[in-house]
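One structure is given below, encoded as structure tokens.
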Amino acid sequence: MATLMNNTLVVLLGPTAVGKTELSIRLAKLLSCDIISADSRQIYKEIDIGTAKPTKEELQEVKHHFIDVLPLDQYYSAAQYETDALALISSQAATQPYQLMVGGSMMYIDAVTKGIDDIPTIEDETREEMRRKFEKEGLDALCAELRLLDPEYYDLVDKKNHKRIVHALEICYQTGRTYTSFRKNQTKERPFRILKIGLRRERENLFARINTRVDQMMQQGLMDEVRRVYPRRELNSLNTVGYKELFKVLDGEWELKMAVERMKKNTRVYAKKQMTWFAHDTDIHWIDVDKLNIEQQIQQISALLESNTE
RNA sequence: GGUCGGUUGGAUGAGAGGCUUAGUCAACGGUCUGCAAAACCGUCUACACCCGUUCGAAUCGGGUACCGACCU
């Protein structure tokens, strides 16, 4: 364990469209390491354009992990990512003193850098049972039940958010214990150094990049990609900005123009959410990239790495 | 010049004297420990203007302005 402390996990994060991908390729080369993607959508196959995956060329330049590896119908979670990413990091520790994690999925990053509680993964049957229960009995009934089974969690949970209520009940049902009993909420120690670097842009600038990128996605043939996965639209992996809006077009509900506007808007909202989340994390070293080219960004990061080595 | 109709928050759009805040969209702020690009919450309280009726008017009456339709 101790030897691993010579290792550093550099985490490059920031809101969508801020410019992580291009920089990450350069950084990976500089650090002679692979890229560990922390992106809950790029991890899936088939959805390439709409998730702004790195290009084929970029993927060839540097080895990427956790991109394009799961079928769309595969269940995955931040907790599973924690397990998988830690295993990978540990296996590469001997050959790569620096490792680079890149992405914007807040919970995935937190799961690896801060840890997530060990809560059993819910079995399909339980999940299905609870889904039916929710549909049949409604949110209020589930809330009432949770109040009996886990009053402590009931007090603090958002009673209108069915995802949280349902999950807590799933735990109670499957384990016979309270959800609270699993919620330790403790930061886990990692056997390596962690350096979080956040990329930041002025809002106007970021939003302009988002709008441009959405238009580019459309030009690159996003609509065809969407058409291919349309039959499986109910999958969670496809409950994703860019796809859900264009499904509406195929349904005949929305005009294409409106869908594109919504994609831009929803991407902006997503970016805002990411920024809100990251704002709480005091470990992040922020770099304002508005006026910096890639070279200058690399320079700043190099400086950070050096000052952090001591 | 005349007759009739309209004027509601950033946009759209209900409401026809009190049940204080329509709704939707946009914008903005936030929550978050298991599908998180998910799910959820909060803020933005307007009735063109003036005078009047009324305990009380976005809602009724009169006038002013602007817009529209029709008439001479």
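Every number in the numbering used here is 481 more than the matching position in the first sequence, counting from 1.
We put the beta carbon where it would ideally sit given N, CA and C, even for glycine.
Nonlocal neighbours in the same chain, by C-beta distance under 7 Å from residue i, ignoring five residues either side
i	result
L620	H643 and I646
E744	One point to set straight first is that residue 744 is Met, not Glu, in the sequence displayed. Result list for M744: V695, V722, G723 and E726, in chain order.
E651	I603, T607, R608 and M611
D639	R645
Spatial neighbours of residue i in its chain, beta-carbon cut-off 6 Å, leaving aside the 5 residues before and after
i	result
E539	I506
V593	E563 and A566
V543	I506, A509 and I516
H766	I678 and L785
E685	none
D764	K677
N488	A574, P578 and F673
Nearest-angstrom Cβ-Cβ length linking residue i and residue j, presumed shorter than 8 Å
i	j	result
D605	L716	Not really, about 14 Å apart at Cβ, beyond 8 Å.
D520	G596	Between G596 and D520 the Cβ distance is about 19 Å, and since that is not below 8 Å, they are no contact.
Q778	L504	6 Å
R708	L731	7 Å
Buried versus exposed, by CB contacts within 10 Å (16 or more), residue i
i	result
E563	buried
H761	exposed
Y660	buried
S502	The sequence given here places Thr at residue 502; Ser does not occur at that position. Buried is the call here.
K534	buried
H545	buried
E787	exposed
M739	exposed
E734	exposed
heavy atom of the ligand GDP below 8 Å from residue i C-beta
i	result
E604	The ligand GDP is absent from the structure shown, which contains no ligands of any kind.
Through-space distance from residue j to residue i, alpha-carbon basis
i	j	result
E742	L490	38 Å
E736	A689	22 Å
P496	F759	9 Å
I678	R658	39 Å
N692	T748	9 Å
K665	P672	20 Å
F615	L719	22 Å
L627	S662	14 Å
A483	L493	Its pLDDT being 41, under 50, A483 is placed unreliably by the model, and nothing is read from it.
I516	Q655	36 Å
D631	I600	15 Å
K753	I524	22 Å
D636	Q573	43 Å
M704	K537	19 Å
T668	A498	29 Å
L485	F547	Only weak support exists for where L485 lies, its pLDDT of 48 falling under 50; the value from the coordinates is given anyway. Approximately 22 Å between the Cα atoms of the pair.
L511	G500	17 Å
P712	Y634	38 Å
D755	L629	Before going further, note that residue 755 is Gln rather than Asp in the sequence given. Distance between the alpha carbons of Q755 and L629 is about 35 Å.
A568	Q561	11 Å
S571	L581	13 Å
L773	A625	54 Å
Q701	Y589	28 Å
Endpoints, the alpha helix (DSSP H) within which residue i is located
i	result
L637	P632 to L637
W758	L737 to A760
L551	Unbroken run through L551: none, as it is neither H nor E.
L703	L703 to V710
Y654	H643 to T656
I506	K501 to L512
Close Cβ partners of residue i (< 8 Å) along its chain, the five nearest in sequence each way excluded
i	result
K641	L620
K526	D549, V550, L551, P552 and L553
S558	T602
E706	E527, I528, D529, I530 and G531
H449	The structure shown does not extend to residue 449, since the chain spans only 482 to 791, so no value can be given for it.
Endpoints, the beta strand (DSSP E) within which residue i is located
i	result
D769	H766 to D769
Q580	Y579 to G584
A498	Looking at the DSSP string, A498 is not in any beta strand (DSSP E), and its letter there is neither H nor E.
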